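**Student:**
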Amino acid sequence: MNRQEILKLNALIHAPIRLAILSVLISVEHANFTFLKENIGATDGNLSTHLTKLEDAGYIHIKKKFVGKKPQTLCSITESGRNAFMDYLVQMEQIVQLKNGNS
Amino acid sequence: MTQNQLQNEIAIIKSMIAKTKQEMAQSGSILIFIGIFGILYIAVITTLEILGIQKVILPTMIGMTVLIAIGMIMVIHHQEKQEKVKSYIKSIYLVFIVACTIPLLIMTFLFPFTGIYAPNLVPVFAALLFGTILFSGGAVYEFAYLHWSGVFAWAGGCIIPYVHGYGRGIIMILILLNGFVIPGMILTIKYKNR
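So the protein sequences, as listed, match chains U and Z.
The first sequence begins at 666 in my numbering and counts up one residue at a time.
The second sequence begins at -1 in my numbering and counts up one residue at a time.
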């Protein structure tokens, strides 16, 4: 991978909120909307927008159900999302090495 | 990407992983349930044996097992409804507990019809299986007390063959108290205070 390719990070994951979402989902079977909102610090609308983008890209799966009368939204990472996130981490590592090499 | 951006992204990832791990701390309600109803089960069956009411022992065992199984499903379902995150390790551990319990049920309820049933082996087998569940639970819950509870249960399983009468029931009750009820209560208190 050359310098230009390394520096061309996955724009979908590069956004802080989407990166935070995938960082949570990578280590769990699923997480609910409330947990994501409380820990990422996003508003309902903002979080929903980012979740939709990740779902449209096939990186996460969103399941909506009712627990009693309360709606619940559960998010889980897909295989594709997991691979994309791991690739992103590898790219970050290579950027660190590149920067250490330049310094 | 600047050095600053890189550090920010790494900080985001670390922070999210730490918060998720904190949320995944487990409540001990399932352990408490297994412990209390296990003790009740032993107490009832031992009482029936002491009273010599042999005819009702097997139906009572079957009935109580079914009720405990239904209760466990309800406890797990209730806990899952309240959880904000579900961890892989917990799902695997629940399957592991079921996998450990089924051989015990087969030995207790099917073997009497095969001619190779050895009733004296059931509490030994149960103690050894409990030890396995508890010892591995120490890794799942990251709670060293459970490792030692597992060892205690295995030791109990080795002692039971040399104990007669309702002394076996007492050993099993101690295993359940030490292995399930006490650590379950400690984990539940920690979970509520997280």
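Quick reminder that beta carbons are idealized off the backbone N, C-alpha and C, glycines included.
This one's a predicted model, so the numbers in the text were calculated from it and none came from an experiment.
For the beta strand (DSSP E) holding U:Asn697, just list the boundary residues, first then last.
**Tutor:** The residue labelled residue 697 of chain U in the question sits at position 32 within the first sequence. Where U:Asn697 is concerned, the enclosing beta strand (DSSP E) stretches over His695 to Asn697.
**Student:** Using 8 angstroms as the threshold, is the C-beta distance between Z:Lys79 and U:Thr699 below it?
**Tutor:** Mapped onto the second sequence, residue 79 of chain Z falls at position 81. Mapped onto the first sequence, residue 699 of chain U falls at position 34. Cβ atoms of Z:Lys79 and U:Thr699: not closer than 8 angstroms.
**Student:** Check distances from the C-beta atoms of the segment 58 to 87 of chain Z to those of chain U and list, in chain order, the residues that come in under 7 angstroms.
**Tutor:** Answer set for the segment 58 to 87 of chain Z: Lys79, Lys82, Val83, Lys84, Ser85 and Tyr86.
**Student:** Does chain U have any CB closer than 8 angstroms to the CB of Z:Thr214?
**Tutor:** Outside the shown range of chain Z, which is -1 to 192, sits residue 214 of chain Z, and nothing can be said about it.
**Student:** Going by other Cβ atoms of all chains shown within 10 Å of its Cβ, with 16 needed for buried, is U:Asn765 buried or exposed?
**Tutor:** By one-based count along the first sequence, residue 765 of chain U stands at place 100. It is exposed - the Cβ of U:Asn765 has fewer than 16 other Cβ atoms within 10 Å.
**Student:** List, in order along the chain, the chain U residues whose C-beta lies closer than 8 angstroms to that of Z:Gln1?
**Tutor:** By 1-based counting over the second sequence, the position of residue 1 of chain Z is 3. Those are Lys764, listed as they occur along chain U.
**Student:** Output the residue ranges of the alpha helix (DSSP H) runs that lie fully inside the segment 78 to 140 of chain Z and measure 4 residues or longer, sorted by chain position.
**Tutor:** List check, alpha helix (DSSP H) in window: 86 to 107 and 119 to 138.
**Student:** If you reduce the DSSP assignment to three classes, tell me which class Z:Gln24 lands in.
**Tutor:** Counting from 1 along the second sequence, the entry for residue 24 of chain Z is found at position 26. It is coil, neither helix nor strand.
**Student:** Find out if the Cβ-Cβ distance for the pair Z:Thr63, Z:Leu126 is shorter than 8 angstroms.
**Tutor:** Numbered from its first residue, the second sequence carries residue 63 of chain Z at position 65. Numbered from its first residue, the second sequence carries residue 126 of chain Z at position 128. Contact: no.
**Student:** For U:Met751 and chain Z, any beta-carbon pair shorter than 8 angstroms?
**Tutor:** Within the first sequence, numbered from 1, the residue matching residue 751 of chain U stands at position 86. So no, U:Met751 is outside the interface.
**Student:** Just the C-alpha distance for Z:Met72 and Z:Pro110, rounded to the nearest angstrom, thanks.
**Tutor:** Position 74 of the second sequence, counted from the start, is the residue given in the question as residue 72 of chain Z. Position 112 of the second sequence, counted from the start, is the residue given in the question as residue 110 of chain Z. Their Cα atoms are separated by approximately 30 angstroms.
**Student:** Are the beta-carbon atoms of Z:Phe150 and Z:Gly33 separated by less than 8 angstroms?
**Tutor:** In the second sequence, residue 150 of chain Z corresponds to position 152, counting from 1. In the second sequence, residue 33 of chain Z corresponds to position 35, counting from 1. No. Outside cutoff.
**Student:** At a Cβ threshold of 8 angstroms, is Z:Met14 touching chain U?
**Tutor:** Mapped onto the second sequence, residue 14 of chain Z falls at position 16. With 8 angstroms as the cut-off, Z:Met14 counts as an interface residue toward chain U.
**Student:** Does the distance from the CB of Z:Met170 to the CB of Z:Ile40 come in under 8 angstroms?
**Tutor:** Counting from one through the second sequence, the residue named residue 170 of chain Z turns up at place 172. Counting from one through the second sequence, the residue named residue 40 of chain Z turns up at place 42. Yes, these two residues count as a Cβ contact at 8 angstroms.
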